[in-house]
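If you're matching positions, the sequence shown starts at 4 in the numbering used here and goes up one per residue.
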Amino acid sequence: MAKIDNILLKSKFRGCLLGSLIGDCFGAPFEGDIMTSGGKVVLQKYFDKLEGAAFKGPIKTYTDDTAMTKCVAKSLTDKPAVDFKFMARLFVKEYFSEPRRGYGKNVVDVFAKLRSNKFDDIYKPANEQFAGMGSFGNGGAMRVSPLALYFHNNYQGMISAVSNATRITHTHKNAINGAVLQSMAVQQCLKLDPADKIDAQKFVNNLIEKMRMIEVDDEGLNIDNGTPYKEKLVDIQKLLDSGNDDTEEIIRILGNDIFALHSVPTAIFCFLRAQTPIPRITTDNRFRRSIQYAISLGGDTDTIASMTGSMAGAFLGDDYINKHLLRHCEFQKGMSEMADNLFAVLEDTNFT
Ligand code: F2R
Ligand code: MG
Ligand code: MG
4 MAKIDNILLK SKFRGCLLGS LIGDCFGAPF EGDIMTSGGK VVLQKYFDKL EGAAFKGPIK
64 TYTDDTAMTK CVAKSLTDKP AVDFKFMARL FVKEYFSEPR RGYGKNVVDV FAKLRSNKFD
124 DIYKPANEQF AGMGSFGNGG AMRVSPLALY FHNNYQGMIS AVSNATRITH THKNAINGAV
184 LQSMAVQQCL KLDPADKIDA QKFVNNLIEK MRMIEVDDEG LNIDNGTPYK EKLVDIQKLL
244 DSGNDDTEEI IRILGNDIFA LHSVPTAIFC FLRAQTPIPR ITTDNRFRRS IQYAISLGGD
304 TDTIASMTGS MAGAFLGDDY INKHLLRHCE FQKGMSEMAD NLFAVLEDTN FT
């Protein structure tokens with residue numbers, strides 16, 4: 004395991020939150036698209052233009068992914084003891100101040116109920132969603148990166164906090180386990196030295212080992228497919244091993260929609276695949292390649308690119324982020340400050 008000094012760790016904190024922001028801002032205009040080969044050429048030109056020093060395009064606005072990530076980060080810096088009621092209040096305040104950020108159709112009912120029950124029981128409204136089944140959308144997973152940063156050296160603390168933070172809006176097992184998996188992937192990225200070549204198979208093996216403890220058959224049903232994330236992680240290993248770059252096949256196997264199960268593994272795959280060159284993506288920069296590749300799969304592009312970007316940034320650090328690209332994003336300075344604030348809170352407690 005590489006020794007990550009505090010200068011690199013601070014850069015990784017920034018990289019992670021900025022990666023999440025950039026993926027959201029650049030992915031949002033393509034959300035719901037089916038990417039043709041022509042679309043991928045447009046995407047290449049779009050990124051080339053945004054990276055150019057002279058280009059003065061309109062600022063790319065962020066969506067619900069960033070709005071909620073901001074709330075999680077703020078809750079941790081304002082209440083370092085981790086206060087989930089406070090976090091729930093921030094979600095609701097954020098939504099009612101700026102509702103037009105492209106939130107999921109059903110999660111807005113949770114916000115309304117939390118508000119009307121005055122945060123009496125912060126888990127009840129989400130529990131009632133979908134006739135008691137709970138949402139299996141990726142809205143929990145898309146916002147967990149600040150928790151992976153905050154608990155970067157406390158694995159059990161992270162699992163518990165991610166699970167509680169997710170349950171405020173999403174109580175389906177797949178939504179919670181998807182958020183947990185996303186946080187594990189970010190935490191692993193923080194521990195790797197960007198100067199080293201990433202061992203993708205080992206990276207996924209570590210996730211499989213960890214998910215084995217999470218996806219336990221707690222209903223005792225002994226049914227097949229009780230470990231859907233483990234199956235997806237094995238699929239990632241097979242895809243990486245085969246070198247299959249066929250977009251339709253990748254989407255068929257991993258998915259690219261708004262369900263956590265069909266997007267968190269896809270983001271992990273995009274991050275790992277983009278550490279080496281990809282046909283028809285012309286850039287030497289692994290950070291850009293990760294985000295561009297995630298968007299090139301189409302579907303839930305803002306969220307998959309945001310989750311991919313948070314891993315790429317947590318691995319590479321913010322030095323790898325092209326500053327011209329970054330300046331096109333709304334809230335880029337604010338997000339960088341949030342990462343520094345989070346780091347400062349941990350520094351104050353000597354990372355205990
Ligand atoms: N909402 C979107 N994109 C739609 C288009 C936005 C457009 N560009 C605009 O600006 O208007 N994106 C955002 O939503 C995703 C995260 O959603 P979240 O927070 O998980 O929401 P929700 O409402 O809980 O679930 C989303 C949908 O999933 C289906 N679903 C979930 N659980 C279900 C269950 N148990 N049974 C059946 N269906 C279930 C429902 O269709 C929900 O509406 C991110 O992509 C974010 O960017
Ligand atoms: Mg969104
Ligand atoms: Mg989305």
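Using N, Cα and C, we set each Cβ at its ideal position, and we do this for glycine too.
Stretch-stretch touch, CB-based, cutoff 8 Å, three pairs: the region 40-53 with the region 115-128: Judged by Cβ distances under 8 Å, the region 40-53 makes no contact with the region 115-128, as fewer than three pairs qualify.
For A57 and F139, the rounded distance between their alpha carbons: As a position in the sequence shown, residue 139 is number 136, starting the count at 1. As a position in the sequence shown, residue 57 is number 54, starting the count at 1. If you draw a straight line from the Cα of F139 to the Cα of A57, it comes to about 43 Å.
Reduced DSSP category for K48 - H, G, I as helix; E, B as strand; rest coil: Position 45 of the sequence shown holds residue 48. In the structure shown, K48 falls within a helical segment according to DSSP collapsed to helix, strand and coil.
Near ligand 1: Y232 beta-carbon under 7 Å from a heavy atom: In the sequence shown, counting from the first residue as 1, residue 232 sits at position 229. No; taking the cut-off as 7 Å, the Cβ of Y232 has no heavy atom of ligand 1 nearer than that.
Touch test, the region 154-170 against the region 228-248, Cβ-Cβ under 8 Å, three pairs minimum: Judged by Cβ distances under 8 Å, the region 154-170 makes no contact with the region 228-248, as fewer than three pairs qualify.
Coarse secondary structure for G30, derived from DSSP in three states: The residue given as residue 30 occupies position 27 in the sequence shown. Three-state result, G30: helix.
First and last residue of the uninterrupted alpha helix (DSSP H) at D68: Residue mapping note: residue 68 aligns to position 65 of the sequence shown, counting from 1. For D68, the enclosing alpha helix (DSSP H) has its first and last residue at D67 to D81.
Residue(s) in a DSSP beta bridge with G140: Mapped onto the sequence shown, residue 140 falls at position 137. DSSP, once it has assigned bridges, lists F262 as partnering G140.
Validate contact between the region 111-120 and the region 65-81 using beta carbons, cut 8 Å, 3 pairs: No: fewer than three Cβ pairs fall under 8 Å.
CB-CB length for N259 against G302, believed under 8 Å: On the sequence shown, position 256 is the one that residue 259 refers to. On the sequence shown, position 299 is the one that residue 302 refers to. With a beta-carbon spacing of about 3 Å, N259 and G302 fall inside the 8 Å limit used to define contacts.
Pick from H331, N344 and G316 that is closest to K63, judged by C-alpha positions: Against the sequence shown, residue 63 aligns to sequence position 60. Nearest option by C-alpha distance: H331.
A260 beta carbon near ligand 2 (any heavy atom closer than 7 Å): As a first step, residue 260 is located in the sequence shown; it is residue number 257 there, counting from the start. It should be noted that the sequence gives Asp, not Ala, for residue 260. Answer for D260: no, Cβ out of range of ligand 2.
Beta-ladder partner(s) of C332, from DSSP: Start at 1 with the first residue of the sequence shown, and residue 332 comes out as number 329. Answer is K63.
Per-residue burial, F16 [other beta carbons within 10 Å of its own, 16 or more giving buried]: In the sequence shown, residue 16 corresponds to position 13, counting from 1. F16 counts as buried, since no fewer than 16 other beta carbons sit within 10 angstroms of its beta carbon.
Neighbour-count burial assignment, T69, 16 or more Cβ in a 10 Å radius: The residue labelled residue 69 in the question sits at position 66 within the sequence shown. T69 comes out buried.
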